[in-house]
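Encoded as structure tokens, the structure appears first; notes follow it.
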Ligand code: NAD
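Numbering (full-length UniProt numbering), first residue to last: 3 to 357.
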């Protein structure tokens with residue numbers, strides 16, 4: 003049992019549906035919210051997906067807003083708001099990954115409209131009250147219950163088209179939420195349960211998806227893992243792993259999910275000695291008493307990217323990345339020493355097996 007004598011937990015009102023083909027019930031879900039004019043959001047690249055969904059929704063679709071971009075630029079949100087006013091929409095339907103869901107959250111914050119989300123990656127944004135936005139090259143993050151989506155429809159058919167390399171990186175991105183959730187200072191017994199179950203789901207289903215990306219059952223199980231891991235991300239505080247990925251993405255332009263995938267064995271391995279038994283689920287699920295080695299072996303099994311240098315990181319920038327990681331004060335189970343962080347970054351840059 004992971005019972006703790008003292009803990010707090012906020013659970014938003016949430017409707018969740020899993021099922022291959024469940025996207026075809028989006029219209030019914032719009033009506034269930036008491037709404038009649040949905041704005042369907044996507045990225046420009048996934049406009050076709052949004053048009054198809056709007057076609058399914060029929061009369062209840064007010065129009066599509068295919069403007070979402072990575073890191074939710076405020077300028078894009080403002081352009082979407084203008085388009086949005088003309089649509090007279092009364093709810094938001096986001097179909098896509100974290101970028102599209104980010105636009106939906108940014109619009110919900112400004113309009114108060116309810117959101118239905120159909121995730122097509124495993125990043126987990128749909129399960130959190132967190133919104134990251136960029137303006138003038140700076141990314142800021144806020145936590146507000148108004149951005150938390152009310153309805154999530156996980157349709158395994160929508161992720162079949164996710165190419166295997168993106169699938170793998172996105173899955174390891176999700177797993178990082180669970181791994182850091184296990185040792186979070188403000189964790190709770192339910193977050194620990196969700197984290198372990200989420201890691202178990204990916205450990206089982208991700209190799210199956212790599213063998214056959216069309217396997218709907220395995221795809222569904224990875225979405226189940228994504229929801230569990232995303233829920234952990236929304237409930238408890240993250241530490242070194244998320245901080246480092248934020249620095250590498252924000253200041254050096256590295257790709258979001260791939261950076262998480264490369265860093266995972268290194269950061270969680272780094273914290274293993276300090277986290278002690280809290281990381282036992284990782285030891286058990288990945289079958290290695292050495293947390294970093296177990297996660298690295300799994301990453302290799304599914305063909306994940308393993309080196310920051312392969313993502314375009316310059317060796318000469320590692321020192322500055324270590325400095326930035328030391329900058330803002332944040333909690334971590336293992337005290338942060340600049341030279342140790344630099345050593346960790348060097349190992350991740352070269353693609354060595356975890357510490
Ligand atoms: P993304 O939405 O940009 O998608 C990644 C890539 O996958 C894109 O190229 C997209 O076109 C492609 N793709 C998505 N679905 C596809 C499909 N079904 N078939 C084929 N290709 C598909 O990125 P992401 O990794 O999902 O999310 C990352 C973003 O989300 C970051 O900006 C991150 O900060 C944010 N995020 C926020 C939270 C939060 O709680 N606020 C949580 C996780 C991630």
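In this text, a Cβ means the ideal position worked out from N, Cα and C, and glycines have one as well.
Suppose the cutoff is 8 Å on Cβ atoms and the five residues either side in sequence are ignored; what does the same chain contact list for residue i look like?
| i | result |
| --- | --- |
| residue 333 | 187, 239, 241 |
| residue 24 | 155, 156, 157 |
| residue 259 | 123, 125, 168, 171, 172, 174, 175 |
| residue 309 | 264, 350, 351, 352, 353 |
| residue 218 | 22, 158, 159, 162 |
| residue 81 | 69 |
| residue 303 | 209 |
| residue 91 | 39, 40, 41, 64, 65, 115 |
| residue 319 | 254 |
Is the closest heavy atom of the ligand NAD to the C-beta of residue i under 7 Å?
| i | result |
| --- | --- |
| residue 12 | no |
| residue 328 | no |
| residue 16 | no |
| residue 165 | yes |
| residue 243 | no |
| residue 48 | yes |
| residue 77 | no |
| residue 238 | no |
| residue 174 | no |
| residue 134 | yes |
| residue 253 | no |
| residue 268 | no |
| residue 72 | yes |
| residue 264 | no |
| residue 234 | no |
| residue 100 | yes |
| residue 104 | yes |
| residue 186 | no |
Which term fits residue i, buried or exposed, when burial requires 16 or more other beta carbons within 10 angstroms of its beta carbon?
| i | result |
| --- | --- |
| residue 157 | buried |
| residue 144 | exposed |
| residue 13 | exposed |
| residue 175 | buried |
| residue 163 | exposed |
| residue 267 | buried |
| residue 109 | buried |
| residue 337 | exposed |
| residue 281 | buried |
| residue 11 | exposed |
| residue 300 | buried |
| residue 198 | buried |
| residue 31 | buried |
| residue 61 | exposed |
| residue 331 | exposed |
| residue 95 | buried |
| residue 78 | buried |
| residue 76 | exposed |
| residue 165 | exposed |
| residue 46 | exposed |
| residue 147 | exposed |
| residue 329 | exposed |
| residue 138 | exposed |
| residue 3 | exposed |
Given residue i, which residues of its chain have a CB within under 6 Å of its CB, disregarding the five upstream and five downstream residues?
| i | result |
| --- | --- |
| residue 16 | none |
| residue 85 | 67 |
| residue 231 | 126, 176, 179, 180, 200 |
| residue 154 | 18, 119, 128 |
| residue 233 | 129, 196 |
| residue 21 | none |
| residue 207 | 220, 223, 224 |
| residue 29 | 59, 62 |
| residue 26 | 58 |
Excluding sequence positions up to five away, which residues of its chain have a Cβ less than 7 Å from the Cβ of residue i?
| i | result |
| --- | --- |
| residue 65 | 41, 89 |
| residue 6 | 190, 191 |
| residue 63 | 40, 42, 56 |
| residue 335 | 185, 241, 273, 276, 277 |
| residue 296 | 284, 285, 288, 289, 290 |
| residue 327 | 245, 246, 249, 343 |
| residue 306 | 170, 171, 174, 263 |
| residue 210 | 217, 220 |
Below 7 Å, is the gap between the Cβ of residue i and the nearest heavy atom of the ligand MG?
| i | result |
| --- | --- |
| residue 127 | With respect to the ligand MG, the structure shown offers nothing to examine, as its ligands consist of the ligand NAD. |
Just list the alpha helix (DSSP H) runs in the region 218 to 296, keeping only unbroken ones of 4 residues or longer that don't cross its boundaries, in chain order.
-> Taken in chain order, the complete alpha helix (DSSP H) segments of 4 residues or longer contained in the region 218 to 296 are 218 to 237, 242 to 254, 258 to 277, 282 to 288.
Taking one C-beta from the region 93 to 111 and one from the region 131 to 144 each time, how about it: are there three or more such pairs within less than 8 Å?
-> As far as the Cβ criterion goes, the region 93 to 111 touches the region 131 to 144, which means the pair count is three or higher.
In chain order, each alpha helix (DSSP H) run of at least 4 residues that lies wholly inside the region 137 to 187 = Fully enclosed alpha helix (DSSP H) runs of 4 or longer: 158 to 161, 166 to 184.
Give a yes or no on contact between the region 256 to 265 and the region 337 to 345, applying the rule of three or more CB pairs nearer than 8 Å.
-> The region 256 to 265 vs the region 337 to 345: no contact.
At least three beta-carbon pairs within less than 8 Å, the region 190 to 210 to the region 218 to 231 | Yes, the region 190 to 210 is in contact with the region 218 to 231.
Which ranges would you report for the beta strand (DSSP E) in the region 67 to 111 if only whole runs of at least 3 residues count?
-> Runs of the beta strand (DSSP E) inside the region 67 to 111: 93 to 98.
Complete runs of the beta strand (DSSP E) confined to the region 4 to 76 [at least 3 residues] | Counting only runs of at least 3 residues, the region 4 to 76 fully encloses the following beta strand (DSSP E) elements, listed from N- to C-terminal order: 17 to 20, 40 to 43, 63 to 67.
Could you give the uninterrupted runs of the alpha helix (DSSP H) lying entirely in the region 310 to 344, keeping only those of 4 residues or more?
-> The region 310 to 344 contains these whole alpha helix (DSSP H) runs: 320 to 329.
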